[in-house]
Amino acid sequence: MSSAGDSGRTATEPPLLALEGVQTHIGAYHILHGVNLAVPRGGLTVLLGRNGAGKTTALRTIMGLWRASGGCIRLDGEDVTGLLTPDIARRGVAYVPESMGIFSDLTVKENLALAARGARRAEDIDARRLERVFGLFPALERFWLHPGGLLSGGQKQMLSVARAIVEPRKLLLVDEPTKGLAPAIVQNMIAAFRELKRETTVLLVEQNFGFARALGDSVAVMDDGRIVHAGTMAALAADEALQHRLLGLSLAAHQ
Amino acid sequence: MSATVSSATPQQPLPQVRADWLPLAIVPLLALAALPFVGSPSTWLTLTVAGLAMGLIVFIIASGLTLVFGLMDVLNFGHGVFIALGAFLATTVLASMGAWTASPNLLVNFTAVFTAMLVAMAAAGTVGLAFERVVIRPVYGQHLKQILITMGGMIVGEELIKVIWGPQQIPLPLPAGFRGSILVGDAAIEKYRLIAVAIGLVVLAAMLWVFGRTKVGLLIRAGVQDREMVESLGYRIRRLFVGVFVAGSALAGLGGVMWGLYQQNVIPQIGAQVNVLIFIVIIIGGLGSIGGCFVGALLVGLLANYTGFLAPKVALFSNILLMVAVLLWRPQGLYPVAKR
């Protein structure tokens, strides 16, 4: 397992996920206008952009929750464009939606038992992975038998991420994990994602540039349904003029 | 493990998990409230058992309908077809097992009734599979079309039943051992009502086991809340939905047998009659909620029997009154399903 920070590696290896000219329509609206994006294997790629730029639509299209009306999505070289969501998930893609998607009537234990597809019951979840989850998010162990709906916003986010990693995955798609969280919890989410990106590839949609800068190895910026910039996070972080041009005030306000 | 999210997580305790017993408590409260009006305790006991029997049969019929709505937002007004199919098959099966139903041996009677129930469940389940494929699948996500086409399916089903069994009322007598009453104090309680309560409780226990202890049950509960997330975890919800639809249809077939025996006759319009009742029940309970469906069915059953005795004219619309009262109290139903 290596980090995408190994800069030489990403240049030579084919990307884990590649979007080529992806178009998405939702009803009468044309949201994605030919998205080209390569997510290198390992490490964390941040997808930045203002509200309405199409970031969430891009994640949902990758996950098959909205059907791409044009273009091609490749996962590990395989064309997954027309596949149904469950089939994409079974290829090792996990999705942490902005709404967190917690089953509020189900306990923390039941939420995780469902996420561990191989386990018939919570007791069958791989003990080492569960230990890892509890290591990252001890609150989940404390509230093991509590309904997900009673957790605080931060704890729900932890549960949502925990569900994504309770089984080994190739790729985590994470949509705005810091939205609405207290600054202290955001700091700890940063610590958790630093651990996670060492063992899996993460594509993270974010508006909080501070969070993105702390975690991102590579970055892509979206505007109006297109990728308008792609490169390393280090380069973007060092170039304030580029930040201003790409991200403008809407993002600066979040810093 | 270097990173944990514990340090900054506020350590405030979570609110206590408090089960919402209030709607469930209304059932005994309603029964107790009816006692002074009915007057005689023995009559009250007879009515209460009859109400519970009716309620449990309605619950068996309606449970599939509420899950079908909860999982896929499908409004199936054709659910009554499966009830009618079950009831009419029971007339055929029990008539062909005349010697078994005439026997005074209760075990032999049960064998005949269970055979009828199995045949009804298998047939209703199979027809349910075809109904889902042909009628429901083309109209996913389109409520108006669902209402129109499932009502159409119901009319076609009813006419087909008339073609096979004829348009007239068919008697469905109870097997010999199910007839008569047992005396509890002064109260005469019909044996079949007790049997219906027992069968209803067995079905309820089986459902509680499925929903509480099995992964399929967990998936159904999760799917009712957030279908998309269940799919994102790698489960094919459409397959789950078809399974629930078939199981719900089979349960409606089972309920049809029990309802037919409860009425002791069957008419082709039985499905349409019960349809109104079960829609009231699932709305009272909270669409998609199996617990709410259970409480709603018991309330409807009890109220129908009490008002039928006290004020027969009110009985005609007592269920509507109940629905209005419940929705004024809880507009989403007794146990609203938490959607995302």
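Line order of the protein sequences matches chains A and B.
Sequential numbering of the first sequence, starting at 4, is according to our numbering.
Sequential numbering of the second sequence, starting at 38, is according to our numbering.
Think of the CB as a built atom: it goes at the ideal place given N, C-alpha and C, for glycine as much as any other residue.
Identify whether residue i lies in helix, strand or coil by the three-state DSSP scheme.
i: B:Pro-60; result: helix
i: A:Asp-129; result: coil
i: B:Ser-218; result: strand
i: A:Thr-181; result: coil
i: B:Tyr-229; result: helix
i: B:Leu-211; result: coil
i: A:Pro-186; result: helix
i: A:Asn-211; result: coil
i: A:Ile-193; result: helix
i: B:Ile-236; result: helix
i: B:Arg-258; result: helix
i: B:Leu-288; result: helix
i: B:Tyr-177; result: coil
i: A:Glu-23; result: strand
i: A:Asp-90; result: helix
i: A:Ala-56; result: coil
i: B:Thr-251; result: coil
i: B:Glu-195; result: helix
i: A:Ala-165; result: helix
i: A:Thr-84; result: coil
i: B:Gly-333; result: helix
i: B:Tyr-272; result: coil
Taking the alpha carbon of residue i as the reference point, which residue from the options has its own alpha carbon closest?
i: A:Thr-235; options: A:Ala-116, A:Phe-196 and A:Ala-41; result: A:Ala-41
i: A:Glu-170; options: A:Thr-27, A:Ala-118 and A:Pro-89; result: A:Ala-118
i: B:Ala-233; options: B:Ala-348, B:Gly-338 and B:Gly-345; result: B:Gly-338
i: A:Ala-241; options: A:Asn-39, A:Asp-227 and A:Ala-217; result: A:Ala-217
i: A:Arg-53; options: A:Leu-245, A:Phe-212 and A:Ala-244; result: A:Phe-212
i: B:Val-130; options: B:Tyr-299, B:Phe-151 and B:Glu-265; result: B:Phe-151
i: B:Gly-297; options: B:Val-318, B:Leu-143, B:Ala-157 and B:Phe-74; result: B:Ala-157
i: B:Met-188; options: B:Ala-309, B:Arg-264 and B:Gly-323; result: B:Ala-309
i: B:Leu-209; options: B:Thr-128, B:Gly-329 and B:Gly-292; result: B:Thr-128
i: A:Ala-167; options: A:Gly-157, A:Gly-104 and A:Ser-221; result: A:Gly-104
i: B:Gly-123; options: B:Val-303, B:Asn-113 and B:Leu-255; result: B:Val-303
i: A:Gln-158; options: A:Gln-210, A:Leu-50, A:Ile-188 and A:Arg-131; result: A:Ile-188
i: B:Ile-97; options: B:Ser-286, B:Ile-317, B:Leu-324 and B:Ile-321; result: B:Ser-286
i: A:Gly-46; options: A:Ala-185, A:Pro-141 and A:Leu-207; result: A:Leu-207
i: A:Gly-219; options: A:Arg-229, A:Val-164 and A:Ala-194; result: A:Ala-194
i: A:Ser-221; options: A:Gly-228, A:Arg-229, A:Asp-227 and A:Thr-204; result: A:Thr-204
i: A:Pro-150; options: A:Leu-68, A:Asn-114 and A:Val-224; result: A:Asn-114
i: B:Leu-371; options: B:Gly-323, B:Gly-345 and B:Leu-340; result: B:Gly-323
i: A:Ser-163; options: A:Val-111, A:Arg-70 and A:Phe-214; result: A:Val-111
Using a Cβ-based criterion (distance less than 7 Å to any ligand heavy atom), does residue i qualify as near the ligand COA?
i: B:Leu-131; result: Annotation note on the ligand COA: not contained in the displayed structure, which lists no ligands.
Give the residues of chain A in contact with residue i, contact being defined as C-beta atoms less than 7 Å apart.
i: B:Gln-262; result: Phe-106, Ser-107 and Asp-108
Show which residues of chain B have a CB atom less than 9 Å away from the CB atom of residue i.
i: A:Ala-92; result: Glu-268, Ser-269, Leu-270, Gly-271 and Tyr-272
i: A:Arg-201; result: Those do not exist, as A:Arg-201 stays about 10 Å from chain B at its closest Cβ, beyond 9 Å.
So which residues on chain B does residue i lean against when the C-beta distance must stay under 8 Å?
i: A:Thr-84; result: Residues of chain B passing the Cβ test: none, with the nearest at roughly 17 Å.
i: A:Thr-88; result: Glu-265, Glu-268 and Ser-269
i: A:Glu-126; result: Residues of chain B passing the Cβ test: none, with the nearest at roughly 12 Å.
i: A:Arg-120; result: Leu-270, Gly-271 and Tyr-272
i: A:Ala-116; result: Lys-252 and Leu-255
Taking its Cβ as the centre, do 16 or more other Cβ atoms sit within 10 Å of residue i, making it buried, or is it exposed?
i: B:Pro-175; result: exposed
i: A:Asp-178; result: buried
i: A:Thr-60; result: buried
i: A:Arg-123; result: exposed
i: A:Gly-251; result: exposed
i: A:Ala-56; result: buried
i: B:Ala-362; result: exposed
i: A:Thr-13; result: Below a pLDDT of 50, predicted positions are generally treated as unreliable, and A:Thr-13, at 47, falls in that range; no measurement from the model is reported.
i: B:Tyr-177; result: exposed
i: B:Asp-223; result: exposed
i: B:Trp-81; result: buried
i: A:Val-96; result: buried
i: B:Asp-263; result: buried
i: B:Val-221; result: exposed
Strictly below 7 Å CB to CB, what residues from chain B border residue i?
i: A:Ala-217; result: Result: empty, since nearest Cβ-Cβ is about 12 Å, beyond 7 Å.
i: A:Glu-113; result: Leu-255
i: A:Arg-123; result: Lys-252
Determine which residues of the region 39 to 70 of chain A have a Cβ less than 7 Å from any Cβ of chain B, and write them out in chain order. Listed by position along the chain: Met-66 and Leu-68.
For the region 250 to 283 of chain B, which residues have a CB atom closer than 8 Å to at least one CB atom of chain A, in sequence order? Taking 8 Å as the Cβ-Cβ cut-off against chain A, the residues of the region 250 to 283 of chain B that qualify are Lys-252, Leu-255, Leu-256, Arg-258, Ala-259, Gln-262, Asp-263, Glu-265, Met-266, Val-267, Glu-268, Ser-269, Leu-270, Gly-271, Tyr-272, Arg-273 and Ile-274.
Please list, in chain order, the residues of the region 21 to 32 of chain A that have any C-beta partner in chain B closer than 7 Å. Of all residues in the region 21 to 32 of chain A, none is placed with a Cβ closer than 7 Å to any Cβ belonging to chain B.
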